[in-house]
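Peer 1:
Residue numbers (my numbering): 5 to 416.
Shown next, in the form of structure tokens:
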């Protein structure tokens, strides 16, 4: 990897008032309620599609239909956030996702919708997410002085909502027998998020920046991205992880657990995963490693435990232990990674660089989700997950072996 480009000052940060100031509280509510709704979606899709007699691969296709447009269009979302402010784009995104989730709710409530309707509406939600996500990175440093603490608190509460969302969805599916009510609740969360973002008040950061064309700003963002070898190095490694591990893991877990133990058990296991994420976030509140990416990479070995118990088809208690350890490991990595990006990247480039980060990380995850069903039908879901064990160990090894990643120091 080439030498690092000199970093500019990250730019103005949050106004005074401690972590729980007015803006952070609004952003906190917006994020947590939206994550609560999103946590319901895999359960709703698995119950709705499998309950209608659709093959397990349709669950993977529906999830891929969401993540594909998100991964492709998030680059443009980063440029638009720089042009029109992240807050405005996030309000627009919540409105779009509100519409998509509402129509899905009506479609499932009315009967058995075409899979193409489900795929299309999932894509609409993915487009909304592409407009929303780039602004997250730049808003966190503007509403909180202590960026790692803010990321850890957000991660803990998002994990609690991730735990509550699937459990609530499983309960609703069990009581109502359908996915329509779950998608209706999902739509309501986007309404709450949009109102909170509308009430958010942020002062402009620095002097106005002269903007070029859309293409010119994409190119400029690419130059900023490639100037940081630790950044593009992690994303390059993450494309392999997304295709072979993260992408297949969600749909295969949903199908294996739902078919073997029922939608209620799947919801419960996702709740346990959320509890693990809470533990990982709380650990990130306490630990401030001098080399955050190296510490996060070591923590990722916990994901291997989850892959092993899933691939070996162990008992439900063992599956729960794997979900807890995997959730904790990934949450700790996410806090280390998010904080590193938000504190090392200049404010005027953060939206676009975060967009490249998200796009590079998730584009191959969409392919992994789409391919998970067909490959699993040919060789077996368990074999796909066990193959991911070797890939995961290699990913950690490469992260620790790359000097710019391993030796990157924390910034206060």
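Heads up, the beta-carbon is just placed ideally off N, CA and C, and yes, glycines get one too.
Run through DSSP, which three-state label would residue 26 get?
Peer 2: helix
Peer 1: Check this for me: beta carbons of residue 313 and residue 323, under 8 Å apart or not?
Peer 2: yes
Peer 1: Measure the C-alpha to C-alpha separation of residue 87 and residue 220 and round it to an integer number of angstroms.
Peer 2: Taking the straight line joining both Cα atoms gives about 13 Å.
Peer 1: Alpha carbon to alpha carbon, how far is residue 91 from residue 203? Give it in angstroms, no decimals.
Peer 2: Going by the C-alpha atoms only, they are around 10 Å apart.
Peer 1: Which residues in the same chain have their Cβ closer than 6 Å to the Cβ of residue 56, if we skip the five residues on either side of it in sequence?
Peer 2: 116
Peer 1: What's the gap between the Cα of residue 194 and the Cα of residue 98?
Peer 2: 5 Å
Peer 1: With a Cβ-Cβ cutoff of 8 Å, do residue 385 and residue 259 count as a contact?
Peer 2: Cβ atoms of residue 385 and residue 259: closer than 8 Å.
Peer 1: Suppose the cutoff is 6 Å on Cβ atoms and the five residues either side in sequence are ignored; what does the same chain contact list for residue 326 look like?
Peer 2: 309, 310 and 313
Peer 1: At 4 residues or longer, what runs of the alpha helix (DSSP H) sit wholly inside the region 285-323?
Peer 2: 296-303 and 306-315
Peer 1: Quick one: Cα of residue 190 to Cα of residue 45, how far?
Peer 2: 8 Å
Peer 1: So what does DSSP say about residue 152, is it helix, strand or coil?
Peer 2: helix
Peer 1: In terms of residues, what are the limits of the alpha helix (DSSP H) holding residue 264?
Peer 2: 251-265
Peer 1: Reducing DSSP to helix, strand and coil, say where residue 206 ends up.
Peer 2: coil
Peer 1: Leaving out five residues on either side along the sequence, give the residues of the same chain with a beta carbon under 6 Å from the beta carbon of residue 200.
Peer 2: For residue 200, where only same-chain residues beyond five positions count, the Cβ hits under 6 Å are 30, 33 and 34.
Peer 1: Which residue from 187, 228, 206 and 158 puts its Cα closest to that of residue 340?
Peer 2: 158
Peer 1: How about residue 344 and residue 296: do their beta carbons lie closer than 8 Å?
Peer 2: Yes, they are a contact pair.
Peer 1: Here's the rule I'm using: 16 or more other beta-carbon atoms within 10 Å means buried, otherwise exposed. How should residue 114 be labelled?
Peer 2: exposed
Peer 1: Measure the beta-carbon distance from residue 374 to residue 64 and round it to whole angstroms, keeping in mind my assumption that it falls under 8 Å.
Peer 2: 6 Å
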